[in-house]
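Taking it in order: structure first as structure tokens, then the write-up.
Protein chains in written order, with our numbering: chain A, 1 to 212; chain B, 213 to 684; chain C, 685 to 934.
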């Protein structure tokens, strides 16, 4: 143990004095009377989530599984995107013809920067806050994929949408993730005279395809 | 415990405040910024039927962690190390800076991209890096503005709020060597994006703070809006994170509480654009070498003072600054330290040895707006009073002590109070005119410089009662 | 009911009219008012400025004086907040469980004046007449410690002839803050300027409040500016009444 660690721990123990070994019981006894469940039904949750995305100026597309491929094509054409990066595990059958898709295989930062955008799935989405959470699975890709390209098209499945933050966190905890990124609209700053400017670093355009 | 020392030179708060009050542009910017965030916060908090319950839970979680801080820190270290992270411990600012410099120099690197963290401002890391021949690049827009302008932050969340767009435009054009630059905030933001992007894609060392360090998973969480955080913690080959020991939370699941409270309190958003949570190192994704520096730097001293321990609950949201009627008048520089506003008034005197420390707990009218706004329910007014007590115990100015002792003597007994009232009535005679006291000497002159004071009436209430009701 | 008046040290010395007004109102409502002349102060100034041991002895004196009072009426919300918020802790600090018991027994019997009228006595119309436009400042202690905000408004709205105008940004501190007004006079005055701006916006003739501390600060600034707006304690407004002849004419 380093001297610094020993000294800091000693100072902490001296500061706190003698304690009973009740830490776990104490933690479990912490009152949690905040909302932890949905009040909205599935349709209302979806509508709320999509309205939040639109509030961020994100494009919203709805489709069923069968028409997902052509919806991807439509979304990309709407934004004039042709050369996209794809996570290694992103389903091949969702990729339409007529575009250039490059599977990520340790692409350089510059390669990512030169692409038109990225397509991914997500893990869970939060309706109240308009959030998509990724734990960087193979179909979501490593973190740089959703960071460097200027456009992110995310495929969200209807049953991935929960209403509240606690519900989303519990789904994530169950996966024991080592990496999580939550995305709630494009980046923003209000540092200049409190004027909110969207799109500083990270993808400036964010679209969602909701699959029902 | 109040720490007073030579570590930094800043004027006492009343002096610094007077200076700030004279700056009309600063006052306008501060007023505008705090009002905007206050209104946004009120709106998103008003949407939450369980806001008070969230505050209660957050307060309990933080109090709990502090009571078992040693256990949770070791748990964090074990889990982070197991995931491939290196954990270092720093007793003070110098040690923390030294550790960071050694890591960077050990890799023969000379540049580092930084995500905003007040903790590194607290340790004055940038100056230490520069002395060691390492160039730090601030990447938060406001901190970039501060860095390029050789300035100091004036707010926890919006550090450059004292600057307007024209000043920023002039600064960018000059330092970024731009031939043309539009005047709108969008133009300035676009210029910053281009300027910084080159660094994000190239620099091999990243530096961050952390909003939360999670004990049961060994993970670290950074909460941000601009995306520069993600850039700095993802793209470089090596990442160093500096985090105060009080930032530990027990469990990953506890984020469900704090990620609701923090964005709504700090920027008035339902959720901030990006949260990044990472654990140690993951092959093929992000930095392949990760170091965490756990910083004490006085926090264990605050921990030892049970009455003010909850100062360490702070999650650095800045809501108290926006709510504070004193901060609204002066802005952050008047507090003479990295931490300003109500939290600064209690944290700075306990954490940092500063000459002007003893003036900070008095920089408050005890109105309680900060406590009302605080998402983790820190009873700031109570801690202010506690710190004032410490200051008096250590030795208040003689004149004040005598006056307070005399008043306490008078309040000990009604007949003594009656005598004191008669004395006051007599003493005012040279100053009373038309039932008013227009100009008083000594410290009371500070009142009459700007306000009238009514003269002491010829008969007190108790004298009236005795005369009229014949009792007492 | 037999109501014991705690006039407060500063009202006793500087604002006896407020005390007389409280007596007039309570007696008009048919209650008996007693004044225990041994009273002095609640200890707030010492406590807030960091002189805790002095505050503790002042508290003990208060407890002795009011130990068996049926109801205690205090025309100052900051003093009530002091007693409610800090006396229990202070009693614990002394370490004598008997004192803590005294405090616990006392607290339910302590009321700020407007709280007493509306919440305890169930009265909003006290038979007052005050034909002026009046705005109301809510002191920070009333707002945040006591949650006394509506009671004064309801009382004012029931006053004959009175036109009530709400005060913009009324939850902002006026800048008095006790010794703050002297230790940080510049900021105190800057805060006062904002408060005066709001008061003047209402175009009211009178600014009322439940605390003379805020009022003397606001009134002091308004007076220095020759604003022509008076600051009047709520009790003094409620104590104003018409004579039967005046009432008949109206």
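From the three backbone atoms N, C-alpha and C, an ideal C-beta is built for every residue, glycine too.
All values derive from a computational prediction rather than experimental measurement.
Measuring straight from C-alpha to C-alpha, what distance separates residue i and residue j?
{"i": "residue 412 of chain B", "j": "residue 114 of chain A", "result": "15 Å"}
{"i": "residue 713 of chain C", "j": "residue 917 of chain C", "result": "19 Å"}
{"i": "residue 625 of chain B", "j": "residue 722 of chain C", "result": "7 Å"}
{"i": "residue 878 of chain C", "j": "residue 728 of chain C", "result": "26 Å"}
{"i": "residue 369 of chain B", "j": "residue 486 of chain B", "result": "15 Å"}
{"i": "residue 161 of chain A", "j": "residue 442 of chain B", "result": "24 Å"}
{"i": "residue 684 of chain B", "j": "residue 524 of chain B", "result": "Residue placement at residue 684 of chain B cannot be trusted, given a pLDDT of 47 that sits under 50; the coordinates are not used to answer."}
{"i": "residue 272 of chain B", "j": "residue 466 of chain B", "result": "11 Å"}
{"i": "residue 691 of chain C", "j": "residue 697 of chain C", "result": "10 Å"}
{"i": "residue 213 of chain A", "j": "residue 583 of chain B", "result": "In the structure as shown, chain A starts at 1 and stops at 212, and residue 213 of chain A therefore has no counterpart that could be examined."}
{"i": "residue 219 of chain B", "j": "residue 515 of chain B", "result": "With a pLDDT of only 46 at residue 219 of chain B, under 50, the local geometry of the prediction cannot be trusted, and the value read off the model is given with reservation. Going from the Cα of residue 219 of chain B to the Cα of residue 515 of chain B covers about 21 Å."}
{"i": "residue 32 of chain A", "j": "residue 257 of chain B", "result": "18 Å"}
{"i": "residue 111 of chain A", "j": "residue 419 of chain B", "result": "24 Å"}
{"i": "residue 716 of chain C", "j": "residue 687 of chain C", "result": "6 Å"}
{"i": "residue 181 of chain A", "j": "residue 761 of chain C", "result": "49 Å"}
{"i": "residue 149 of chain A", "j": "residue 119 of chain A", "result": "10 Å"}
{"i": "residue 78 of chain A", "j": "residue 402 of chain B", "result": "24 Å"}
{"i": "residue 22 of chain A", "j": "residue 281 of chain B", "result": "13 Å"}
{"i": "residue 140 of chain A", "j": "residue 183 of chain A", "result": "13 Å"}
{"i": "residue 915 of chain C", "j": "residue 848 of chain C", "result": "14 Å"}
With a 10 Å radius around its C-beta and 16 neighbouring C-beta atoms as the bar for buried, classify residue i as buried or exposed.
{"i": "residue 6 of chain A", "result": "exposed"}
{"i": "residue 592 of chain B", "result": "buried"}
{"i": "residue 616 of chain B", "result": "buried"}
{"i": "residue 24 of chain A", "result": "exposed"}
{"i": "residue 668 of chain B", "result": "buried"}
{"i": "residue 355 of chain B", "result": "buried"}
{"i": "residue 528 of chain B", "result": "buried"}
{"i": "residue 823 of chain C", "result": "buried"}
{"i": "residue 828 of chain C", "result": "buried"}
{"i": "residue 207 of chain A", "result": "buried"}
{"i": "residue 614 of chain B", "result": "exposed"}
{"i": "residue 347 of chain B", "result": "exposed"}
{"i": "residue 733 of chain C", "result": "buried"}
{"i": "residue 943 of chain C", "result": "Only positions 685 to 934 of chain C appear in this structure, which leaves residue 943 of chain C out of reach."}
{"i": "residue 872 of chain C", "result": "buried"}
Which residue from the options puts its Cα closest to that of residue i?
{"i": "residue 117 of chain A", "options": "A/163, A/129, A/139, A/102", "result": "A/102"}
{"i": "residue 637 of chain B", "options": "B/252, B/671, B/435", "result": "B/671"}
{"i": "residue 540 of chain B", "options": "B/223, B/232, B/343, B/224", "result": "B/232"}
{"i": "residue 705 of chain C", "options": "C/735, C/812, C/737", "result": "C/812"}
{"i": "residue 778 of chain C", "options": "C/718, C/740, C/922, C/792", "result": "C/740"}
{"i": "residue 559 of chain B", "options": "B/334, B/652, B/578, B/654", "result": "B/334"}
{"i": "residue 585 of chain B", "options": "B/464, B/452, B/477", "result": "B/477"}
{"i": "residue 454 of chain B", "options": "B/665, B/351, B/631, B/305", "result": "B/305"}
{"i": "residue 236 of chain B", "options": "B/543, B/589, B/588", "result": "B/543"}
{"i": "residue 107 of chain A", "options": "A/87, A/53, A/189, A/1", "result": "A/87"}
{"i": "residue 323 of chain B", "options": "B/470, B/449, B/364, B/292", "result": "B/449"}
Since residue i contacts residue j with CB under 8 Å, what's their CB separation in whole angstroms?
{"i": "residue 27 of chain A", "j": "residue 266 of chain B", "result": "Incorrect: roughly 17 Å between the Cβ atoms, too far for contact."}
{"i": "residue 787 of chain C", "j": "residue 747 of chain C", "result": "7 Å"}
{"i": "residue 285 of chain B", "j": "residue 457 of chain B", "result": "6 Å"}
{"i": "residue 424 of chain B", "j": "residue 461 of chain B", "result": "5 Å"}
Let me know the alpha helix (DSSP H) ranges lying completely inside the stretch 251-284 of chain B, each 4 residues or longer, listed in chain order.
-> 263-279
Go through the stretch 222-248 of chain B residue by residue and report every complete run of the alpha helix (DSSP H) that reaches 4 residues or more, in order.
-> 225-233
May I have a chain-ordered list of the alpha helix (DSSP H) segments no shorter than 4 residues that lie completely inside the stretch 489-553 of chain B?
-> 511-516, 531-535, 539-542
Mind pulling the beta strand (DSSP E) runs of 3 or more residues that sit fully within the stretch 695-742 of chain C?
-> 716-718
Uninterrupted alpha helix (DSSP H) stretches inside the stretch 816-868 of chain C (no shorter than 4 residues) | 834-841, 864-867
Contained beta strand (DSSP E) runs [length at least 3] in the stretch 87-133 of chain A, N- to C-terminal order = 100-103, 117-121, 124-126
Length-filtered (3 minimum) beta strand (DSSP E) runs lying within the stretch 321-373 of chain B = 323-326, 347-350
In chain order, which alpha helix (DSSP H) runs of at least 4 residues are fully inside the stretch 638-662 of chain B?
-> 657-660
Which full runs of the alpha helix (DSSP H) of 4+ residues lie inside the stretch 7-31 of chain A, going along the chain?
-> 23-28
In chain order, which beta strand (DSSP E) runs of at least 3 residues are fully inside the stretch 44-77 of chain A?
-> 59-63
Residue ranges of each beta strand (DSSP E) run of no fewer than 3 residues wholly in the stretch 881-908 of chain C, ordered along the chain?
-> 890-893
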